[in-house]
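So in the numbering used here, spot 100 of the sequence shown is number 94, and the numbers just go up one at a time.
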Amino acid sequence: MFNKKLFILSIILIFLFGIINLKAFSYGEDNLGNSYYESNENLKVPSIEINNLITLKPWVEPVNPTLGMIYLDVETNRLKFYDGEKWYFISLSEKSKEVAKEEIISPSVDTSETISEEESTAISEAEITESTNESSSSTEVSSSEENVSESAEITEPSQAPETSPEIPSEEKTKDEKESKEEKSPKEECSEECNPVCEDVESCSQDCSTDEEGNEICEESCTSEEVCEEVCEEVCAPEELFDITFNLDKSIITNSSLLSGVVTFESFGLIPTLVNVTFIIFNEDGKEIYIEKSSLVVSTEELLRWNYDSLQDLEYGKYVAIVQTSYGDNVFDEFRQDFEIKPSFLDKFNSWLKNFLKFWRF
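This is the structure in structure tokens:
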């Protein structure tokens, strides 16, 4: 008698073994926990999602890049390639259908001041012979003319890749920003006096007469240290801070693992009360968590923050924000992106539950 359930189970097992045997990119993480897929020893491409266009992650320049690493610069909406020594922009030429690279003159210079479109086209045409060897592994992205035209549209503003969640911030007028820039911290001045010394030489002549009646004169000099007290006014700010905020991990499997450190370094003259606010926004820009605290900073303080809310965060992308205020209405804000992903065990348990649920029927 034909067993329908056994037949369906056999089909599922054959399908699973077929997926396991498929050869694909190997998944890895760099020193900072940024994910990438490694196809060979010369090319490391961050994780890719295809949704009418190619989206590359991460969106920030890796701190410890390796040869062949590629990432998407959000500020310029252009790909960057690391050849082991320098970062290069990757430009796609419609004439040659090759992936060429152009050298980045300065990472901190605006894109309008780096290389114009005409210069980049000339550079790409001049370096085609050099870039064919280096772009042999990258031509998989542009293996056909259709793929080249689609990937060339990545830099279009209308098709820009997804960036981190947009968080609503307080609107400030231009006058308010200018007044904040002009506002300087309070200074405490005092007069400091220090002795300034210098050597002063004085000379005199000693004359005498010898037996023959001739006058003989000798010049003798002595040096004496003369000191004079010089006073000057020295001013130092009462409140001056250097604040940093870092998350322990940017990719976690559970919201209970979310933690970070806020570092306060004071260069002022007096202890200062600092008000700190921790906020979490989801991918839609909705505030889902807020916590307030305060501390007094004299020289250096470390404030460790752990997400101890009873509400578990769902899988997805979030932004952790730290807002500080101190002194005469001095405000600072620091942002860190993080993502909660299911672990392999969670995925397996979910699949097993669905499988058992299906088997019961």
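All residues carry an ideal CB built from backbone N, CA and C; glycine is no exception.
Please name the residue, chosen from the options, that lies closest to residue i on a Cα-to-Cα basis.
i, options, result
"residue 263", "68, 276 and 292", "292"
"residue 61", "73, 201, 80 and 55", "80"
"residue 321", "351, 333, 334 and 288", "288"
"residue 227", "294, 71 and 187", "187"
"residue 191", "277, 71 and 224", "224"
"residue 319", "57, 268 and 220", "268"
"residue 201", "300, 213 and 305", "213"
"residue 329", "83, 238 and 294", "238"
"residue 308", "249, 197 and 331", "249"
"residue 189", "220, 206, 350 and 199", "220"
"residue 311", "299, 68, 196 and 247", "247"
"residue 286", "0, 316, -1 and 243", "316"
"residue 306", "326, 276 and 327", "276"
"residue 218", "7, 338, 256 and 193", "193"
"residue 333", "346, 252, 342 and 261", "252"
"residue 261", "255, 294, 278 and 242", "294"
"residue 280", "204, 314 and 7", "314"
"residue 270", "324, 245, 302 and 243", "324"
"residue 216", "342, 55, 56 and 198", "198"
"residue 326", "301, 272, 343 and 72", "272"
"residue 68", "55, 78 and 185", "55"
"residue 245", "222, 195, 331 and 282", "331"
"residue 241", "-3, 351 and 300", "300"
"residue 78", "339, 72, 59 and 196", "59"
"residue 350", "3, 278 and 222", "3"
By DSSP's criteria, residue i is part of a beta bridge. Which residues make up the other side?
i, result
"residue -3", "According to DSSP, residue -3 bridges with nothing at all."
"residue 325", "319"
"residue 347", "DSSP output for residue 347 lists no bridge partner at all."
"residue 196", "216"
"residue 67", "72"
"residue 331", "313"
"residue 260", "235"
"residue 185", "227"
"residue 57", "Answer by DSSP bridge pairing: none, since residue 57 is not bridged."
Buried or exposed: residue i, going by 16 or more other Cβ atoms within 10 Å of its Cβ?
i, result
"residue 74", "buried"
"residue 266", "buried"
"residue 5", "exposed"
"residue 274", "buried"
"residue 297", "buried"
"residue 104", "The predicted model places residue 104 with a pLDDT of 42, which falls under 50 and marks its position as unreliable; any figure quoted below should be read in that light. The residue is exposed, with fewer than 16 neighbouring Cβ atoms inside 10 Å."
"residue 336", "exposed"
"residue 207", "exposed"
"residue 235", "buried"
"residue 130", "Note on residue 130: pLDDT 43, under 50, position unreliable in the model; no value is reported."
"residue 290", "exposed"
"residue 258", "buried"
"residue 66", "buried"
"residue 255", "exposed"
"residue 284", "exposed"
"residue 8", "exposed"
"residue 64", "buried"
"residue 83", "buried"
"residue 0", "exposed"
Item to complete: Could I get the ranges of all uninterrupted beta strand (DSSP E) runs contained in the region 201 to 253, with 3 residues as the minimum, in chain order?
Response: Counting whole runs of 3 or more residues, the region 201 to 253 contains the beta strand (DSSP E) stretches 209 to 231 and 235 to 241.
Fill in: Whole beta strand (DSSP E) elements within the region 262 to 306, 3-residue minimum
Counting only runs of 3 or more, we get 266 to 275, 281 to 291 and 294 to 300.
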